[in-house]
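Just add 2 to the spot in the sequence shown (first one is 1) and you have this note's numbering. All C-beta atoms, glycine included, are put in the ideal place defined by N, C-alpha and C.
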Amino acid sequence: MASESGWETGLGRNHRIGRSIKKDECSNMLAFKGAKGFGAQAQGGRGGEVVKVTNLNDSGEGSLRWALEDLDQKRIVVFDVGGQIDLKDQIEINGNVTLAGQTAPGGVTVTGGRLRVVDSDVIIRGMHVRPGDEAGGDDPGNRDGIAVGKRGQTVDNVMIDSNSISWSVDELASTWGAPSNVTFSNNIMAEALQNSIHPKGDHSMGLLIGDNSKNISVVGNLIANTEFRNATIKDDAKQIEFINNVVSNYGPNGLAIHEGTTRT
Numbered sequence: 003m004a005s006e007s008g009w010e011t012g013l014g015r016n017h018r019i020g021r022s023i024k025k026d027e028c029s030n031m032l033a034f035k036g037a038k039g040f041g042a043q044a045q046g047g048r049g050g051e052v053v054k055v056t057n058l059n060d061s062g063e064g065s066l067r068w069a070l071e072d073l074d075q076k077r078i079v080v081f082d083v084g085g086q087i088d089l090k091d092q093i094e095i096n097g098n099v100t101l102a103g104q105t106a107p108g109g110v111t112v113t114g115g116r117l118r119v120v121d122s123d124v125i126i127r128g129m130h131v132r133p134g135d136e137a138g139g140d141d142p143g144n145r146d147g148i149a150v151g152k153r154g155q156t157v158d159n160v161m162i163d164s165n166s167i168s169w170s171v172d173e174l175a176s177t178w179g180a181p182s183n184v185t186f187s188n189n190i191m192a193e194a195l196q197n198s199i200h201p202k203g204d205h206s207m208g209l210l211i212g213d214n215s216k217n218i219s220v221v222g223n224l225i226a227n228t229e230f231r232n233a234t235i236k237d238d239a240k241q242i243e244f245i246n247n248v249v250s251n252y253g254p255n256g257l258a259i260h261e262g263t264t265r266t
């Protein structure tokens with residue numbers, strides 16, 4: 003909401019509205035029009051080159067893995083192809099990238115492994131992520147949909163928006179390893195697999211906000227048909243926003259907040 007002073011509050015970092023933007027404030031521009039929450043100022047690949055995904059292979063030049071994991075310059079990733087990409091392992095996403103799944107003709111679906119953000123300034127939009135439990139994919143114990151964070155690495159300013167995430171073996175989505183300033187907004191997160199191949203057995207899990215995550219916004223998502231972690235906020239996660247989400251047909255619990263120093 004906007005106060006009399008012209009400041010907008012309530013979602014992520016306060017920012018002033020109704021004024022022109024100076025050149026030296028470009029780093030504070032929104033990830034896209036209407037972006038909300040702590041990750042709203044993620045810059046992604048703004049100002050970088052356009053990189054095209056030209057095939058549906060697991061790896062190699064022109065593949066999604068090549069665009070996200072092998073390259074590390076500022077880049078905006080678009081698609082010349084649509085269809086299904088079967089991963090043999092997770093993709094670890096280097097920073098300064100905008101992944102525009104909505105540019106894929108007919109859409110694009112990633113199966114077999116998770117998309118894992120391991121660096122700063124990442125925007126992911128318009129992706130269909132369905133890891134599934136087929137043989138030959140990523141480690142079943144970590145076969146999330148979209149994961150943000152990695153222990154020992156700085157991960158800051160991440161926007162996960164308007165994606166469809168389902169059929170994960172582990173969580174549909176997660177933050178782990180002390181990431182900061184992250185937004186999950188306008189996503190469908192649904193139908194995490196229950197009786198599947200996770201080493202712990204039954205494991206239908208939605209959204210996990212892990213220990214030491216800081217400044218995380220969960221805004222306007224649908225979380226549906228998942229037994230646990232809808233979402234779960236772990237000990238020592240700080241400054242967590244859970245706003246205007248629909249949690250439907252959950253199992254024993256919907257939103258769970260563990261004891262600790264969490265501020266929610």
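What does DSSP give as the partner residues of residue i in its beta bridges?
i    : result
G88  : Note that residue 88 is Asp in the sequence shown here, rather than Gly. Looking at the DSSP assignment, D88 forms a beta bridge with T113.
V79  : V53, L101
L209 : A175, N232
K216 : S182, K240
A258 : T234
L224 : I190, V248
Among residues of its own chain, excluding the 5 on either side of residue i, which ones have a beta-carbon nearer than 6 Å to its beta-carbon?
i    : result
V249 : I225, N232, G256
N251 : A226, N227
N165 : M129, N189
S168 : R132, A192, E193
A180 : N214
Enumerate in chain order the residues of its own chain whose CB-to-CB distance from residue i is below 7 Å, with the five nearest sequence positions on each side excluded.
i    : result
D172 : G143, N144, R145, D146, H200, H205, M207
G47  : K76, R77, I78, N98, V99, T100
G222 : S187, N188, N246, N247
According to the neighbour-count rule (16 or more other Cβ atoms, all chains shown, within 10 Å of its Cβ), is residue i buried or exposed?
i    : result
A175 : buried
G108 : exposed
E243 : buried
M3   : Low per-residue confidence applies at M3: pLDDT is 43, beneath 50, and the placement is therefore not dependable, though the value from the model is reported in the following sentence. Exposed, because fewer than 16 other Cβ atoms sit within 10 Å of the Cβ of M3.
D237 : exposed
R153 : exposed
N246 : exposed
P254 : exposed
Are there any heavy atoms of the ligand HEM lying less than 8 Å away from the beta-carbon of residue i, as far as the coordinates show?
i    : result
N255 : Ligands in the displayed structure: none, and consequently the ligand HEM is not present.
Using C-beta distances below 8 Å, list every residue in its chain close to residue i, excluding the 5 sequence neighbours before and after it, in chain order.
i   : result
M31 : I23, Q43, Q45, R48
E51 : Q75, K76, R77, I78
Margin query: Restricting to runs no shorter than 3 residues, where is the beta strand (DSSP E) found entirely within the stretch 95-177?
Written below: 99-102, 110-113, 117-119, 124-127, 148-150, 158-163, 166-168, 173-177
Notebook entry, point to check: Counting pairs of Cβ atoms below 8 Å between the stretch 36-47 and the stretch 82-93, do you hit three or more?
Noted result: no
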